[in-house]
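Numbering (my numbering), first residue to last: 4 to 95.
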């Protein structure tokens with residue numbers, strides 16, 4: 004999967020940034036911010052982890068924009084399921 008520079012999510016443009024050592028410095032492989040309309044992903048983690056993290060952060064943005072109120076556990080479960088479907092069916 005190509006990590007895009009921007010994504011359109013629920014009608015909003017969200018910038019996607021690859022940040023070096025985010026996992027080491029912030030203890031997160033990714034982060035999202037609605038106020039700044041961005042997603043940061045650690046540039047130093049494995050490509051497969053970047054892809055899965057992108058899905059995870061997209062789910063956070065959708066969750067917040069639409070006031071769905073999913074828990075972190077639910078977002079992780081959806082991330083894993085969606086990534087597995089995409090990966091197993093060679094949709095990347």
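Even for Gly, the Cβ is constructed at its ideal location relative to N, Cα and C.
Expected contact under 8 Å - CB spacing of residue i and residue j to nearest Å
{"i": "residue 6", "j": "residue 57", "result": "6 Å"}
{"i": "residue 81", "j": "residue 37", "result": "Between residue 37 and residue 81 the Cβ distance is about 18 Å, and since that is not below 8 Å, they are no contact."}
{"i": "residue 4", "j": "residue 95", "result": "4 Å"}
Beta-carbon proximity list for residue i, same chain, < 6 Å, skipping 5 on both sides
{"i": "residue 16", "result": "9"}
{"i": "residue 21", "result": "44, 46"}
{"i": "residue 87", "result": "none"}
Euclidean distance between Cα positions of residue i and residue j
{"i": "residue 44", "j": "residue 93", "result": "22 Å"}
{"i": "residue 26", "j": "residue 53", "result": "11 Å"}
{"i": "residue 13", "j": "residue 55", "result": "20 Å"}
{"i": "residue 51", "j": "residue 84", "result": "14 Å"}
{"i": "residue 28", "j": "residue 48", "result": "13 Å"}
{"i": "residue 98", "j": "residue 63", "result": "The question about residue 98 has no answer here: the residues shown for the chain are numbered 4 through 95."}
{"i": "residue 39", "j": "residue 76", "result": "24 Å"}
{"i": "residue 35", "j": "residue 89", "result": "22 Å"}
CA nearest to the CA of residue i, picked from the options
{"i": "residue 19", "options": "41, 60, 63", "result": "41"}
{"i": "residue 78", "options": "39, 30, 65, 90", "result": "65"}
{"i": "residue 11", "options": "75, 76, 61", "result": "61"}
Neighbourhood of residue i by C-beta, 8 Å cutoff - its chain only, sequence neighbours within 5 removed
{"i": "residue 71", "result": "65"}
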